[in-house]
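This report refers to the structure that appears directly beneath it.
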Amino acid sequence: MQVPYLMADPSIAKPDHPEEDWKIWTVINPATWMVPFFFILFIQMWMVHSYALSLPGYGFKDSAQAALDARTAVVVEQVQGQQVAQVQ
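Shown next, in the form of structure tokens:
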């Protein structure tokens, strides 16, 4: 795939992508920028996941509440069954 070529100086060689993508590492030094990049990536990941888990039906709180409701329903049924058995 050829990227559109819009450079003012015609003596500059036209870039050949993606064969020359490795040249970005001559400008960006990984020893300098990799740790801040991963820190920013971690912050973004944390924000996206905290938002996603706060949506209704997608969090740990919702599954815990559903399990508690199911357990409570079973206990109520058992208690009602015992009361019916005592009445008869």
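Everything in the sequence shown is counted per the working numbering, starting at 1190 for the first residue and increasing by one. Even glycine gets a Cβ: it sits at the ideal position worked out from N, Cα and C. As the structure is a computational prediction, the values presented were derived from the model and not from experiment.
Using a threshold of 8 Å, state whether the C-beta atoms of residue i and residue j are closer than that.
{"i": "G1248", "j": "L1242", "result": "yes"}
For the alpha helix (DSSP H) that residue i lies in, which residues bound it at each end?
{"i": "W1211", "result": "No alpha helix (DSSP H) contains W1211, which DSSP labels as neither H nor E."}
{"i": "H1238", "result": "P1219 to S1243"}
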